[in-house]
Amino acid sequence: MMKLRHSALSIAAGPVWLEALLAHSPDAAGLILIAQNAVGNHRDSREAHFARRLQEAGFATLLFDLLNHYEESRDPDTRFNTPLLGQRIRAVFEWLRHQPPLTTLPVGLVASGTGCGAAIRALAHEQDAVSALVCRGGRPGLAGISPLRQVACPTRQIVGERDEGLPNIRQAYDLMTCTKDWRSIAGTDDFFREPGALDDAATQTTDWFHRHLIRTLPAAESNPGSPPEA
Numbered sequence: 000m001m002k003l004r005h006s007a008l009s010i011a012a013g014p015v016w017l018e019a020l021l022a023h024s025p026d027a028a029g030l031i032l033i034a035q036n037a038v039g040n041h042r043d044s045r046e047a048h049f050a051r052r053l054q055e056a057g058f059a060t061l062l063f064d065l066l067n068h069y070e071e072s073r074d075p076d077t078r079f080n081t082p083l084l085g086q087r088i089r090a091v092f093e094w095l096r097h098q099p100p101l102t103t104l105p106v107g108l109v110a111s112g113t114g115c116g117a118a119i120r121a122l123a124h125e126q127d128a129v130s131a132l133v134c135r136g137g138r139p140g141l142a143g144i145s146p147l148r149q150v151a152c153p154t155r156q157i158v159g160e161r162d163e164g165l166p167n168i169r170q171a172y173d174l175m176t177c178t179k180d181w182r183s184i185a186g187t188d189d190f191f192r193e194p195g196a197l198d199d200a201a202t203q204t205t206d207w208f209h210r211h212l213i214r215t216l217p218a219a220e221s222n223p224g225s226p227p228e229a
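Counting from 0, one number per residue, gives the positions in the sequence shown under numbering that gives the first Met the number 0.
Structure below.
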């Protein structure tokens, strides 16, 4: 496993700051952005477990929150405001463009829950921001019909076989015109809580990114730099 440097970050998104954790290595195969619908807990959450699986597969990761502490505790409806959350994902794209140590890496994006709708809205506006998208369960339909049709990057939809929202997810998936792939994890629900289910979803995710993220480097790299400061 590659040696990673972990950096706690705060990323500006309009009037708020999003907490994030970057795990980076100059020899990473790519950088995977992981949108988290909760706040903090970047080392023990389900998304953190997902990040570690991606790191084991050779990827750098940026796990970032879509909400701040106030919104999580006092304004829970914010998590359903997909236009706002989509703008925050675009703010992460903008931050990334100003990080020289990371700009040579192809970028993938993972989202779940309402973050799926937000990710699709963000990518409808910035079609070249990432090379591939993975939605794990979630509510992609919250993005709206037009954004779903505008996503250009290869997209894999991973669902739990017992997810009660499957009809809505399938309806949204069928609206997408990009290269796409549907994968179902047997015996689990939308939270992938059954033993091994989250790991199965992580395996399907790393497979998709290994297939669609291609790193192009100069003939000779020198001084690859260090990750951004917190």
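Where a beta carbon is used, it is the ideal one built from N, C-alpha and C, also for glycine. None of the values given here were measured: they were computed from a predicted structure.
Residue i classed as buried or exposed, judged by whether at least 16 other C-beta atoms fall within 10 angstroms
{"i": "Q126", "result": "exposed"}
{"i": "A12", "result": "buried"}
{"i": "I144", "result": "exposed"}
{"i": "R210", "result": "exposed"}
{"i": "R155", "result": "buried"}
{"i": "T60", "result": "buried"}
{"i": "R192", "result": "exposed"}
{"i": "W181", "result": "exposed"}
{"i": "H41", "result": "buried"}
{"i": "E228", "result": "Bear in mind that the predicted position of E228 carries a pLDDT of just 45, short of 50, making it too unreliable to give a figure here."}
{"i": "I213", "result": "exposed"}
{"i": "P153", "result": "buried"}
{"i": "R4", "result": "exposed"}
The beta strand (DSSP E) enclosing residue i, as first and last residue numbers
{"i": "C115", "result": "Premise fails: C115 lies in the alpha helix (DSSP H), 114 to 124, not in any beta strand (DSSP E)."}
{"i": "T60", "result": "59 to 64"}
{"i": "S130", "result": "It is not in any beta strand (DSSP E) - S130 carries neither H nor E in the DSSP assignment."}
{"i": "R148", "result": "It is not in any beta strand (DSSP E) - R148 instead sits in the alpha helix (DSSP H) that spans 144 to 149."}
{"i": "E18", "result": "15 to 23"}
{"i": "R78", "result": "Counting along the chain, R78 falls outside any beta strand (DSSP E), and DSSP gives it neither H nor E."}
Counterpart residues of residue i in DSSP-defined beta bridges
{"i": "G159", "result": "I184"}
{"i": "T176", "result": "In the DSSP output, where bridge partners are listed per residue, T176 has none listed."}
{"i": "H211", "result": "Looking at the DSSP assignment, H211 forms no beta bridge with any residue, so it has no partner."}
{"i": "W94", "result": "According to DSSP, which records beta bridges pairwise, W94 is partnered with nothing at all."}
{"i": "V38", "result": "DSSP, once it has assigned bridges, lists no residue as partnering V38."}
{"i": "R135", "result": "S111, I157"}
{"i": "I31", "result": "T60, G107"}
{"i": "L8", "result": "A19"}
Proximity below 9 Å, CB of residue i to CB of residue j
{"i": "S111", "j": "N36", "result": "yes"}
{"i": "V133", "j": "Q203", "result": "yes"}
{"i": "R138", "j": "T113", "result": "yes"}
{"i": "S9", "j": "A19", "result": "yes"}
{"i": "L66", "j": "T77", "result": "yes"}
{"i": "R52", "j": "D198", "result": "yes"}
{"i": "L95", "j": "A27", "result": "no"}
{"i": "A117", "j": "G85", "result": "yes"}
{"i": "I31", "j": "A50", "result": "yes"}
Inter-residue CB distance, residue i and residue j (contact presumed, cutoff 8 Å)
{"i": "H68", "j": "V106", "result": "Their Cβ separation, rounded to whole angstroms, is 27 Å, which puts H68 and V106 out of contact at 8 Å."}
{"i": "D119", "j": "A142", "result": "In the sequence under discussion, the amino acid at residue 119 is Ile, which differs from the Asp named in the question. Sure, about 4 Å apart at Cβ, within 8 Å."}
{"i": "A123", "j": "Q149", "result": "4 Å"}
{"i": "H160", "j": "I184", "result": "In the sequence as displayed, the identity of residue 160 is Glu instead of His. Going by Cβ atoms, the distance from E160 to I184 rounds to 6 Å, so yes, they are a contact pair."}
{"i": "T205", "j": "A56", "result": "4 Å"}
{"i": "L147", "j": "V158", "result": "In fact, because the Cβ distance is near 16 Å, the residues do not count as touching under 8 Å."}
First through last residue of the alpha helix (DSSP H) which encompasses residue i
{"i": "L53", "result": "45 to 55"}
{"i": "S72", "result": "68 to 73"}
Within-9 Å CB hit, residue i to chain B
{"i": "P146", "result": "The displayed structure is made up of one protein chain only, and chain B is not part of it."}
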